[in-house]
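Residues 1 to 95 in my numbering are what the sequence shown spells out, letter by letter.
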Amino acid sequence: MIGALILKIAVEGFKVKISGKVFLAGLISYGIGGPLYVLSVDYAGIAVPTLITALSPVITEVLAIVKLKEKLNLKSTLGFIAVITGIIIASIIGI
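Take a look at the structure:
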């Protein structure tokens with residue numbers, strides 16, 4: 001992957017194109033989310049915030065299915081099921 005990136009930079013040159021609004025939104029969300037995550041780990045221990053963070057891909061996939069009418073292929077479906085199963089098992093055994 002690094003080789004492909006180096007090749008792309010060599011052929012096309014190094015171009016960074018980013019929206020100022022997107023950059024600002026990312027900076028603000030990380031600036032708020034990062035400290036809140038650290039506080040949640042301090043308050044609840046590492047297990048609960050980690051399980052909640054593990055739900056992020058699940059929430060993203062559900063939103064993509066509902067809002068963007070995305071269709072799940074077999075690989076995505078198996079990954080979706082694996083993440084949910086892992087979260088349920090970790091919650092039950094109380095890591």
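Just so it is clear, CB atoms sit at the ideal spot from N, CA and C, and this is done for glycine as well.
On a predicted model such as this, the values are computed, not experimentally measured, just so you know.
Kindly indicate the opening and closing residues of the alpha helix (DSSP H) around residue i.
| i | result |
| --- | --- |
| V22 | G20 to A44 |
| F80 | L74 to I93 |
| L63 | S56 to L68 |
Just to confirm, are residue i and residue j a CB contact at a threshold of 9 Å?
| i | j | result |
| --- | --- | --- |
| A47 | A90 | yes |
| V83 | V62 | no |
| P49 | S56 | no |
| A54 | G86 | yes |
| F98 | L72 | For the chain, the structure presents residues 1 to 95; residue 98 sits outside this window and is missing. |
Can you tell me whether residue i is helix, strand or coil according to DSSP?
| i | result |
| --- | --- |
| L7 | helix |
| V48 | helix |
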